[in-house]
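S.K.: Top to bottom, those sequences are chains B and H. Take the first sequence: its position 107, counting from 1, is numbered 107 in our numbering, and each next residue is one higher. Take the second sequence: its position 33, counting from 1, is numbered 1033 in our numbering, and each next residue is one higher.
Protein chains: 2
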Amino acid sequence: MKEKFFALPKQKQNAIINAGYRVFSQNSYKKSPMSEIAGEAGISKSLLFHYFHNKQELYLFLWDNCAKLTIKYLTEYKCYEQTDLFEMMYRGMKAKMRIMNQYPNMGSFVIKAFYERDPEISLAIQNSYKSYKAFKSDNILASIDTTQFAEGIDVKMMYREMTLASEGYLWEMQRKGAVDVEKMEKDFTEMLNFWKKLYLRKEGEK
Amino acid sequence: MKEKFFALPKQKQNAIINAGYRVFSQNSYKKSPMSEIAGEAGISKSLLFHYFHNKQELYLFLWDNCAKLTIKYLTEYKCYEQTDLFEMMYRGMKAKMRIMNQYPNMGSFVIKAFYERDPEISLAIQNSYKSYKAFKSDNILASIDTTQFAEGIDVKMMYREMTLASEGYLWEMQRKGAVDVEKMEKDFTEMLNFWKKLYLRKEGEK
DNA sequence: ATAATACTTGACCGATTTGGTCAACGGAGG
DNA sequence: CCTCCGTTGACCAAATCGGTCAAGTATTAT
């Protein structure tokens, strides 16, 4: 029955998808009512069941959509092809913001889904997560040019620090609700500049 | 009826409290079943109702407990009486870890409670939050000695950066479940040292 | 040993919610 | 007029929820 869903105008599709992410990210799988999703998407429950056989199918579709989109945008923004660490982080952030803008609750959904214990879905989640993880290289720092940093900098700590702060920032924004991409872009650029000034080898230095 | 609860051995009290934090932090107020809390605490639902008249009373008790504990430990660790920024952050982290160790899900509970919209409780939440916020001074940096930092450092950015990274770290730990205080203490000390090396005025400098 | 007291529970109730179905409505096109 | 097709409200059986209560089981007092 899912062809019916794909035949919908993109806007309506996204309304449904976002309603799903919102509800599933705030309640456990079992306690997320289809009626609430339908209502939030502006359609009747019956119609929702017309697009997806049952709750499980909707949930797993949403889950698949996460992996697909993430991979798509990370690739599109070429953030794993960079040798400049700051450029890589900037592109990664751009990709994440791009997704957050379209699907504000996808991030929370992913985390909740990962820890979902309901036997009806947990197996599928865990399996498909493996294939996603295979995409991300485990040692991101390997391809980075480390000669650009000032002497005496613990590169690993620096990277970890920046990652944590970025995540903390994203989380703070998400929590506050309204995702304002422009502000986020500005804030993050500011942070990047702060880091560059701090970590980059000064001009004229050795 | 709450005297009955306080008469319990501390261990049993904490089992109930933690069960409450866990369930309420993972579901909305309305969809958090008393039966699940009771079961997780290792007592029967009837007994839970023997300690707390109804769900609302339990919920608001848990909420109150958050504010009380937070204020208690922040005061006890004297983290707002410091002039050294790193010492202040260290003490703040210690206080938070102290709480996380005893009530691993309190943090998530607070956030969820703050955004709870159920009319049965949201009013009480918002009101009591105001009194808590009055405790935290709004300009933490005011009492900090800024002469200790290297020249050219944007102190505000630096502080924001450190705060975000700390929060990101705490969140990561929380998400991974098992809260290992020793490891957290070690990790955070490492981060602090990294920051000190980075931000503190070098010896002999002006 | 017995009675009074406190602790704890399973069974139960009425109200509500849930996933899912289905007959029917309404509009577009032939 | 008929026939699709997107859409819906009404409906159902099953499950769940907050809360109660009588009864069971320790514990203590006498």
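By construction, the Cβ of each residue, glycine as well, lies at the ideal position given by its N, Cα and C atoms.
How big is the Cα-Cα spacing for Lys206(B) and Glu151(B)?
M.R.: If you number the first sequence from 1, residue 206(B) lands on position 206. If you number the first sequence from 1, residue 151(B) lands on position 151. With a pLDDT of 49 at Lys206(B), under the threshold of 50, the predicted position of this residue should be treated as unreliable, though the coordinate-derived value follows. Their Cα atoms are separated by approximately 9 Å.
S.K.: List the DSSP bridge partners of Leu200(B).
M.R.: To locate residue 200(B), count along the first sequence from 1; it is residue 200. BP columns for Leu200(B) point to Phe149(B).
S.K.: Indicate whether at least one CB of chain B lies closer than 8 Å to the CB of Arg1098(H).
M.R.: Numbered from its first residue, the second sequence carries residue 1098(H) at position 98. By this cut-off, Arg1098(H) is not an interface position.
S.K.: Roughly how many whole angstroms lie between the Cα atoms of Glu1003(H) and Tyr1051(H)?
M.R.: Against the second sequence, residue 1003(H) aligns to sequence position 3. Against the second sequence, residue 1051(H) aligns to sequence position 51. Going by the C-alpha atoms only, they are around 8 Å apart.
S.K.: The alpha helix (DSSP H) spanning His1053(H) covers which residue range?
M.R.: Along the second sequence, one-based indexing puts residue 1053(H) at 53. His1053(H) -> no alpha helix (DSSP H), and no H or E assigned at all.
S.K.: Measure from the C-beta of Glu120(B) to each C-beta in chain H and report whether the shortest distance is under 8 Å.
M.R.: Your numbering for residue 120(B) matches position 120 in the first sequence. Chain H contact via Cβ: absent.
S.K.: What are the start and end residues of the alpha helix (DSSP H) that includes Ala1041(H)?
M.R.: Taking the first residue of the second sequence as 1, we reach residue 1041(H) at position 41. Segment Met1034 to Ala1041, the alpha helix (DSSP H) holding Ala1041(H).
S.K.: Is it buried or exposed, Ser1133(H), if we count other Cβ atoms within 10 angstroms and call 16 or more buried?
M.R.: The count along the second sequence starts at 1 and reaches residue 1133(H) at position 133. This sequence places Lys at residue 1133(H); Ser is not what is there. The residue is exposed, with fewer than 16 neighbouring Cβ atoms inside 10 Å.
S.K.: Could you check what DSSP says for Glu1161(H) in three-state terms: helix, strand or coil?
M.R.: Residue mapping note: residue 1161(H) aligns to position 161 of the second sequence, counting from 1. Of the three classes helix, strand and coil, the one that applies to Glu1161(H) here is helix, per DSSP.
S.K.: Have a look at Met191(B) and Met158(B) and give me their C-alpha separation to the nearest angstrom.
M.R.: Mapped onto the first sequence, residue 191(B) falls at position 191. Mapped onto the first sequence, residue 158(B) falls at position 158. Computed Cα separation, rounded: 13 Å.
S.K.: Trp1171(H) touches chain B at which residues, Cβ-Cβ below 8 Å?
M.R.: If you number the second sequence from 1, residue 1171(H) lands on position 171. The contacting residues are Glu167, Gly168 and Trp171.
S.K.: Taking only beta-carbon atoms, is Lys1206(H) less than 8 Å away from chain B?
M.R.: Numbered from its first residue, the second sequence carries residue 1206(H) at position 206. At Lys1206(H) the pLDDT is 49, less than 50, meaning the model places this residue with poor confidence; the figure from the coordinates comes in the next sentence. No, its Cβ sits nowhere closer than 8 Å to a Cβ of chain B.
S.K.: When we look at the beta-carbon of Gln1082(H) and count the other beta-carbons within 10 Å, is it buried (16 or more) or exposed?
M.R.: Counting from 1 along the second sequence, the entry for residue 1082(H) is found at position 82. Gln1082(H) is buried by the Cβ-count criterion.
S.K.: Hey, could you find the ends of the alpha helix (DSSP H) Tyr1132(H) is sitting in?
M.R.: Along the second sequence, read from residue 1 onward, the residue named residue 1132(H) stands at position 132. Residues Ser1122 to Phe1135.
S.K.: Pop quiz: Ile1099(H) and Tyr1073(H) are said to be a contact at Cβ under 8 Å. What is the actual Cβ separation, rounded to whole angstroms?
M.R.: Counting from 1 along the second sequence, the entry for residue 1099(H) is found at position 99. Counting from 1 along the second sequence, the entry for residue 1073(H) is found at position 73. Contact flag correct, Cβ pair sits at about 6 Å.
S.K.: Mapping the DSSP letters down to three states, classify Arg1117(H) as helix, strand or coil.
M.R.: Here residue 1117(H) is taken as the residue at index 117 of the second sequence, counted from 1. Correct three-state label for Arg1117(H): coil.
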